[in-house]
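Just add 69 to wherever you are in the sequence shown, counting from 1, and you've got the numbering used here. Beta carbons are placed, not taken as given, at the ideal position from N, Cα and C, and that holds for glycine. The next block holds one structure in the form of structure tokens; read it before the comments.
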Amino acid sequence: TINILQTPHRALVADLASEDQQVPMQVVFVFMMAIGNFLGFSVMQIYKVPVEHMTELMLGICVLNTFCIGVQFLVAREVPLESDANAPRKSACSPMFNVVEAVRHSPVLLYHLALVQCLVWIGNTAWNNYGGQWFANSVFQGDQNAEEGSPEWIAYGDGMKAFTMGGQAKSVLQLISSLIIIGLLLKTTIRPRLVYAPCIYIGAIACVLAAFVVGHSGGFAMLCMTLSTMPETGSFAIPFGLVATLNKKAEEEGRPVSTALQMALLNCCVTVGQQVCTVSLAAIEGKMELETALPLIFMIAAMAQFLGGSGALFLDDKPVDKADSDNEDCCGASSSNELYADE
């Protein structure tokens, strides 16, 4: 869903929005995601043990995604590119070469964002993929394979209920925080990196609390899960907005841009972080029980997000003044790597 639906939508909005609207419009995606997340966690409350009804739940998700794609086709309007009749014929590998070319000529800022994105999503994956298991198995000490009606089976159901309630609270905070981020970016002179880095640090602190402090407190676990949404909110808003702004400037200066490809790269970094987290948990599970392994993955998540937050603090996100940019153009020194200067 992230790569197939989100990237084209983000690129389309980037094409339609002005330079000043780029980052705030990417935050709007997070606002809409928060509503969808709330509904998703609410649906999970239909069943006491949701994993026993995955067929019904996944069928509902497929129907919903199909509906959303239909709305996309009805609403989105794009001007198709006209191919040059004299251009050489492209091979089947051309899309791959285009991706490599787009990455090779991308500014340093994109690589910096990509590294931060990978680190942030190691932590986000710990919550998104394994939060339910952590609630049910570690916090509430339940067992989904226990005999129905047994204390372990009941505890597992209670854990999943707490997980979905924590997910709803997380979605509400995501919605509120996205509005606050839009306000900060539109109404103040605060640079995006100074908004992004604190979001990541809040998530890192939530991971530390989950690993060392929560224990078997369901309420505290729900609080940590709620706070864990902050890095995700930032990672789905700030990096994409900065890339969109960067490419909008390049487009206005008549240079080739690859907005969709660069946004797809950021989404690929999301999947890299997910794989690192998954492989790490699998390695830990080979030596200990799941109940013990899950808090350890939050330790890894905390370290990754502390590094990601520190990396975000040094993002080169200050736009060069137009007068300075014009002077650089006259001297032939302007390039896509020089659109941003150190504060």
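- Collapsing the DSSP output to three states places SER246 in a helix.
- The three-state secondary structure of ILE115, taken from DSSP, is coil.
- Ranking GLN213, GLN237, ILE271, VAL277 by CA distance to the CA of VAL112 puts GLN237 first.
- Counting only unbroken stretches of 4 or more residues, the alpha helix (DSSP H) elements lying wholly within the stretch 340–387 are 359–382, in sequence order.
- Remark: C-beta atoms of ALA306 and ILE191 do not approach each other more closely than 8 Å.
- Judged by their CB atoms, THR302 and SER246 are nearer to each other than the 8 Å cut-off.
- Non-local C-beta neighbours of ALA381 in its own chain, meaning closer than 7 Å and more than five positions away in sequence, comprise VAL185, ARG262, TYR265, ALA266, ILE269, ordered along the chain.
- Excluding residues up to 5 positions away in sequence, TRP196, GLY272, ALA275 lie with their Cβ nearer than 6 Å to the Cβ of SER297 in the same chain.
- C-alpha of LEU292 to C-alpha of GLU121: approximately 26 Å in a straight line.
- Straight-line measurement puts the Cα of VAL169 at about 11 Å from the Cα of CYS162.
- By the neighbour-count definition (other C-beta atoms within 10 Å, threshold 16), SER160 is an exposed residue.
- LEU188 places its beta carbon 8 Å or farther from that of LEU311.
- Nearest neighbour of PHE281 by Cα position, chosen from VAL132, ASN106, PRO364, VAL82, turns out to be PRO364.
- For PRO267, the enclosing alpha helix (DSSP H) stretches over residues 261–281.
- Within the same chain, ALA195, LEU350 come within 6 Å of ILE366 by CB-CB distance, once the 5 residues on both sides are set aside.
- Close CB contacts of GLY287 within its chain, under the 8 Å cut and outside five residues either way in sequence, are with PHE204, VAL208, PHE209, ASP227, GLY228, ALA231 (chain order).
- Residue environment: GLY235 is assigned as buried (16 or more neighbouring CB atoms within 10 Å of its CB, all protein chains considered).
- Between the alpha carbons of ASP385 and VAL118 lies a gap of roughly 47 Å.
- Following the DSSP letters along the chain, one finds PHE136 inside the alpha helix (DSSP H) bounded by residues 123–144.
- In the three-state reduction of the DSSP assignment, THR258 falls in the coil class, being assigned neither a helical nor a strand state.
- The Cβ neighbour count for CYS137, taken over all protein chains shown within 10 Å, is under 16; the residue is labelled exposed.
- Under the criterion of beta carbons closer than 8 Å, GLN202 and LEU359 qualify as touching, at roughly 7 Å.
- CYS131 counts as exposed, since fewer than 16 other C-beta atoms from the protein chains shown sit within 10 angstroms of its C-beta.
- The C-beta distance from PRO93 to LEU255 rounds to 6 Å, short enough to fall under 8 Å.
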